[in-house]
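In my numbering, the protein residues as written are -17 to 865. Glycine included, C-beta positions come from ideal geometry on N, C-alpha and C. Just so you know, these numbers come straight off a predicted model, no measurement behind them.
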Amino acid sequence: MLMRKFFTLLLGWWVACSVIAQPLPNRYKSEIFTNAQLVTTNNVVFSTNIPHVTTTNLFGIQFANEERYGNVTSPAGQIVTLRMDIYQPNPVIDTLTKRPVIIFCFGGGFVTGSRTETSMIQLCQAFARRGFVTATIDYRLGMNITDEQLSKRAVYRGVQDGRSAVRFFRNNASTYRVDPNQIFIAGHSAGAFIALHNIYMDKESERPASTFTYMTTRPDLGTLDAIGDNKLDINGNPISGKANAAMGFAGALGRQDPPFSQTVPGFMEGPNDAPGVYFHSSDDDVIPYNNGEPFSNFNWFPGFNLPIVHGSNDLRARAIVLNAPYRFWGYTNRGHGVHFDGSNLYSDIAPRGSDFFYDFRLKPVDVTLSGPSVVCSNELTQTYTLSTNANFYYDWQVVGGTINTTNYQYKHSISITWSPSATVRSVTCTPYSRWLARALTSVSKTITINQIPNIGTPIGNQLYQISDGSPTINLTGAFTDPEGGSMSYTATASPTGIVNPSVSGSTLTLTIIGAGVTTITVEATDNAGCKRSQSFTVTVNRPPVVVSPVANQTIRYADPPFVINDISSIFSDPDGDNLTYSISASPTGVVNITQSGNQVTFTAQDINTTTITITANDGRGGTVSNSFTITVQKGTQTLTFAPISTKFVDESPVTLNAVSNRGLPVTFSVISGVASISGNTVVFNQAGTITVRASQAGNYYFEPAPNVEQTFQVIKRNQVINFEPVADKIITESGFELNVSASSGLPVTLEVVSGNVTLNGKKVIFGGIGFVTIRALQAGNNVYHPAEPVERTFYVAPENLQLTLMPNPFSGNGFNAILQGKYLGSVQIIVFDNVGKIISNVTFEKRTYFVDNFVQVPQIAPDTYYCKVITLEKTFIEKVVKQ
-17 MLMRKFFTLL LGWWVACSVI AQPLPNRYKS EIFTNAQLVT TNNVVFSTNI
33 PHVTTTNLFG IQFANEERYG NVTSPAGQIV TLRMDIYQPN PVIDTLTKRP
83 VIIFCFGGGF VTGSRTETSM IQLCQAFARR GFVTATIDYR LGMNITDEQL
133 SKRAVYRGVQ DGRSAVRFFR NNASTYRVDP NQIFIAGHSA GAFIALHNIY
183 MDKESERPAS TFTYMTTRPD LGTLDAIGDN KLDINGNPIS GKANAAMGFA
233 GALGRQDPPF SQTVPGFMEG PNDAPGVYFH SSDDDVIPYN NGEPFSNFNW
283 FPGFNLPIVH GSNDLRARAI VLNAPYRFWG YTNRGHGVHF DGSNLYSDIA
333 PRGSDFFYDF RLKPVDVTLS GPSVVCSNEL TQTYTLSTNA NFYYDWQVVG
383 GTINTTNYQY KHSISITWSP SATVRSVTCT PYSRWLARAL TSVSKTITIN
433 QIPNIGTPIG NQLYQISDGS PTINLTGAFT DPEGGSMSYT ATASPTGIVN
483 PSVSGSTLTL TIIGAGVTTI TVEATDNAGC KRSQSFTVTV NRPPVVVSPV
533 ANQTIRYADP PFVINDISSI FSDPDGDNLT YSISASPTGV VNITQSGNQV
583 TFTAQDINTT TITITANDGR GGTVSNSFTI TVQKGTQTLT FAPISTKFVD
633 ESPVTLNAVS NRGLPVTFSV ISGVASISGN TVVFNQAGTI TVRASQAGNY
683 YFEPAPNVEQ TFQVIKRNQV INFEPVADKI ITESGFELNV SASSGLPVTL
733 EVVSGNVTLN GKKVIFGGIG FVTIRALQAG NNVYHPAEPV ERTFYVAPEN
783 LQLTLMPNPF SGNGFNAILQ GKYLGSVQII VFDNVGKIIS NVTFEKRTYF
833 VDNFVQVPQI APDTYYCKVI TLEKTFIEKV VKQ
């Protein structure tokens, strides 16, 4: 009752998938059920309508001459089918759905025996108590013991029936909750022949020749799986009757037909054979322990003739040669009943047989357990993993920790959080196969918690220049180990590509490979593998660069300064940093430096050369300088020399006006001309061209000024003669004074150009009538040019008025009327003919004492005409003739 309750509880736990692990029963290795917990199902039909040879029953022994072959019939003539009795743990208790099956075949030399034979029942029960599903089956009896070839047909029929039983379980696996890939066959004596031939004689080509149509009267027994039911699955696929393993008690294998060897067991091939276990006692007198003819105790029987077979010891030897999977249990004193003492099974049979199936087919896959035995104090949650997940169930046992994984019984990897306060910590796992076979040994680990290193002196953030190469940091003191052990170090960078960290001993080397900011994580690992890390930033700065260097400069004193309008245009920062600037000069005092924003002005102070250094600073330790020289030369100067206008001789001296643009004193000199310099005045006393030079010789700060020359003219003044006009004179007016003078005040010289006069100084004395021309002259001097001569002409008329007509006579259209003498007012000239008709009437205003006018007359006939002259003084007539 207690056992039943235990299994009921176990089933409930299994179905509910509780998180509390506990070991399962050691199935197959021990009896986990009682006979009372087994269920027997009798008379289960597994094969119908089986053709069978006609046999002769002699003292209960079925002999067959193999001449007739038909259906298996009972003595009463009924059609007989093949049945089995099935033994299994009660399905209510045993919920495993993939159970292995052992099919047991009774012994009896193929001529007698029954599935209900006591040892078969005890075998079924013994293995069922260990967790197997078992069955004891019928197979066809009847063998010809007088012909070694015909006797093979009996064995072959038994093999066919055994395969039919295997197919039954494969096709009904879900009904009986068995694994179709874990179906085993076993048997004693003849049943062992069936079992062993099942796994070794597994090809159509291996059939004995006698199982085909033999000697014309023996029909073909069909292929290995030709007889019985369950040939096809529900999908129409063939079902194989070959078992997955075999167990033989006092069994043997026949020899394979020539050309195969006739000295060794047949059908065995090598490592790919299904495994077999052989139980045999060397004192067996029925089936040879080594090799020989079966039933040696019947050799006396007349005509007894069976083929040579190889017993278990030969099978063992052959398996060794072929490296075929096997196990052998040899005995010396059990006779033919190697498994059964007549009343009971030997106590070692079930354990050894079950161990065989466990070892070759059912045991879980060997595993190793990976995961840390030493757990760091900061990583108390760890994963422990078996080397394979090929098993089905896992009995995890944890002491001093908590399993975090759900349904971990079915997982080969679990997460455990270890308790830091526990005094004992361990993890143990026992795996179970899909058939709930427990591993022989568990895998386990004892857990120790190790304190992680402490952070000592934090590593400060670092700033490097890209040109710094491979700076180092001493890690000594950066970490301490609570256990006092030594530590190793590793370092990583994120992002990469800026520095390449490497550690040698306690020295961290940062090899600079690019610019930027990266985080360096240094990890200290103690002797137990526990780690602690600290991080710091490394900034690799690219210094500013000079992109537009300033060329050497030359400026002159007092000239406009040299100006850098934008100092930032000289530099560029690859990292985009804001730059500040500083300026220095060496030597100082040569230029005066002033800065307004980014504009820098260099004003000359002294005559010298100085080196100017402009340094750009990115604020992160990166600097770059641009140096250039400024040479201050003497300043230039220019003179402004006012032009000198033309001067008259009498304007001397003249003040010269010349200045230097630098305010320096100017000196003058006469280059050409008659003049002299006195200070800033030029003195001259005669006409001519004078060139004066202005000079400035320079000083410490200024070069000499280019000379400037001014040329001017010194000229004489012009003068004019003021000679009043002389009116016509009457001869009686002789001795009058001329009114004449020079504008210069110089004396005027008079001369008679024409006329009958003489001069006495300015007094004119007439010598006769007529026109008189007098010229006034002034010859000039060093100041004045000669005056332009001035002439005055006047007429000296007779005292009385006189008229002269010319020509007379005239022939043209007129004549000249010449009037001489003093008259008053105007002169009227009238021309008239003899009868007094006026031909012409002309009036002349008074102009001079001498009038010579042309009197025009119209076309008139030649004749004598009269010209009448009328003045205020007198009137007179002159005759004129027209030719």
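Report the CB separation of residue i from residue j in whole angstroms; it is logged as a contact under 8 Å.
| i | j | result |
| --- | --- | --- |
| His262 | Ala227 | No, His262 and Ala227 are not in contact; Cβ-Cβ is about 17 Å, not under 8 Å. |
| Ala540 | Arg699 | In fact, because the Cβ distance is near 46 Å, the residues do not count as touching under 8 Å. |
| Val268 | Ser171 | 7 Å |
| Ala419 | Ala108 | Not quite, the Cβ-Cβ distance comes to about 17 Å (not below 8 Å), so this is no contact. |
| Phe86 | Cys106 | 6 Å |
| Gln760 | Leu785 | That pair is no contact at about 41 Å. |
| Gly91 | Tyr121 | Rounded, the Cβ-Cβ distance is 12 Å, inconsistent with contact. |
| Thr363 | Gly353 | Actually they are not in contact, since the Cβ atoms of Thr363 and Gly353 sit about 11 Å apart, beyond 8 Å. |
| Ile747 | Gly796 | Incorrect: roughly 39 Å between the Cβ atoms, too far for contact. |
| Pro789 | Lys864 | With 8 Å as the limit, Pro789 and Lys864 do not qualify as a contact, their Cβ atoms being about 11 Å apart. |
Can you give me the C-alpha to C-alpha distance between residue i and residue j, rounded to a whole angstrom?
| i | j | result |
| --- | --- | --- |
| Val54 | Val259 | Residue placement at Val54 is flagged as unreliable, the pLDDT there being 37, under the threshold of 50; a coordinate-derived value is accordingly withheld. |
| Leu297 | Ala234 | 8 Å |
| Thr870 | Thr595 | The first residue shown for the chain is -17 and the last is 865, placing residue 870 beyond what the model contains. |
| Gln244 | Met183 | 16 Å |
| Gly496 | Thr399 | 43 Å |
| Ala58 | Gly95 | Residue placement at Ala58 cannot be trusted, given a pLDDT of 36 that sits under 50; what the coordinates show is reported in the next sentence. The alpha-carbon atoms of Ala58 and Gly95 are separated by roughly 19 Å. |
| Asp350 | Gly511 | Just to set this straight, residue 350 is Thr in the shown sequence, not Asp. Rounded to whole angstroms, Thr350 to Gly511 spans 21 Å at the Cα level. |
| Pro289 | Ser369 | 50 Å |
| Ala177 | Met125 | 18 Å |
| Gly750 | Asp710 | 13 Å |
| Arg149 | Asp211 | 8 Å |
| Leu304 | Gln238 | 16 Å |
| Val614 | Thr583 | 14 Å |
| Ser725 | Ser793 | 53 Å |
| Ile852 | Phe836 | 16 Å |
| Gln60 | Val83 | In this prediction, Gln60 scores a pLDDT of 41, lower than 50, which makes its location untrustworthy; no coordinate-derived value is stated. |
CB residue i to CB residue j, shorter than 9 Å?
| i | j | result |
| --- | --- | --- |
| Ser403 | Val381 | no |
| Tyr847 | Val839 | yes |
| Gly743 | Val754 | no |
| Asn25 | Asp67 | yes |
| Trp417 | Arg9 | yes |
| Val529 | Ser564 | no |
| Pro768 | Arg757 | no |
| Arg514 | Ile448 | no |
| Pro346 | Pro307 | no |
| Phe684 | Thr585 | no |
Which residues mark the beginning and the end of the alpha helix (DSSP H) in which residue i is found?
| i | result |
| --- | --- |
| Ile127 | Looking at the DSSP string, Ile127 is not in any alpha helix (DSSP H), and its letter there is neither H nor E. |
| Leu297 | Ser294 to Leu304 |
| Gly335 | Ile331 to Phe339 |
| Thr731 | From DSSP, Thr731 is part of no alpha helix (DSSP H) but of the beta strand (DSSP E) over Thr731 to Ser736. |
| Tyr683 | Careful: Tyr683 lies outside any alpha helix (DSSP H) and carries neither H nor E. |
| Tyr158 | Ala155 to Tyr158 |
Grab the span of the beta strand (DSSP E) containing residue i for me, first residue to last.
| i | result |
| --- | --- |
| Tyr308 | Tyr308 to Tyr313 |
| His179 | Careful: His179 lies outside any beta strand (DSSP E), inside the alpha helix (DSSP H) at Ala172 to Tyr182. |
| Arg111 | No beta strand (DSSP E) holds Arg111; the alpha helix (DSSP H) holding it covers Thr100 to Arg111. |
| Ser470 | Met469 to Ser476 |
| Thr16 | Thr16 -> no beta strand (DSSP E), and no H or E assigned at all. |
| Thr30 | Careful: Thr30 lies outside any beta strand (DSSP E) and carries neither H nor E. |
| Thr848 | Residue identity differs from the one stated: residue 848 is Tyr in this sequence, not Thr. Asp845 to Ile852 is the span of the beta strand (DSSP E), which, as asked, contains Tyr848. |
| Trp417 | Element bounds for Trp417: n/a, residue is neither H nor E. |
| Met66 | Leu64 to Pro71 |
| Cys358 | Val356 to Cys358 |
| His394 | It is not in any beta strand (DSSP E) - His394 carries neither H nor E in the DSSP assignment. |
| Gly258 | Gly258 to Ser263 |
| Tyr777 | Ala769 to Ala779 |
| Arg675 | Gly670 to Gln678 |
Any contact between the region 241 to 252 and the region 195 to 202? By contact I mean 3 or more CB pairs, one from each, below 8 Å. By the Cβ test, the region 241 to 252 is not in contact with the region 195 to 202, since fewer than three Cβ pairs between them sit closer than 8 Å.
Counting pairs of beta carbons, one from the region 298 to 314 and one from the region 372 to 381, are three or more of them closer than 8 Å? The answer is no - the region 372 to 381 does not touch the region 298 to 314, with fewer than three Cβ pairs under 8 Å.
Say whether the region 725 to 735 touches the region 668 to 682, bearing in mind that this needs 3 or more beta-carbon pairs closer than 8 Å, one atom from each stretch. Verdict: no, contact absent.
Stretch pair the region 464 to 480 + the region 420 to 428: three plus CB contacts closer than 8 Å: At 8 Å Cβ cutoff, the stretches do not touch.
Could you check whether the region 619 to 626 touches the region 672 to 689, counting it as contact only if at least three pairs of C-beta atoms, one from each stretch, sit closer than 8 Å? A contact between stretches requires three or more CB pairs, one per stretch, nearer than 8 Å, and the region 619 to 626 meets this requirement with the region 672 to 689.
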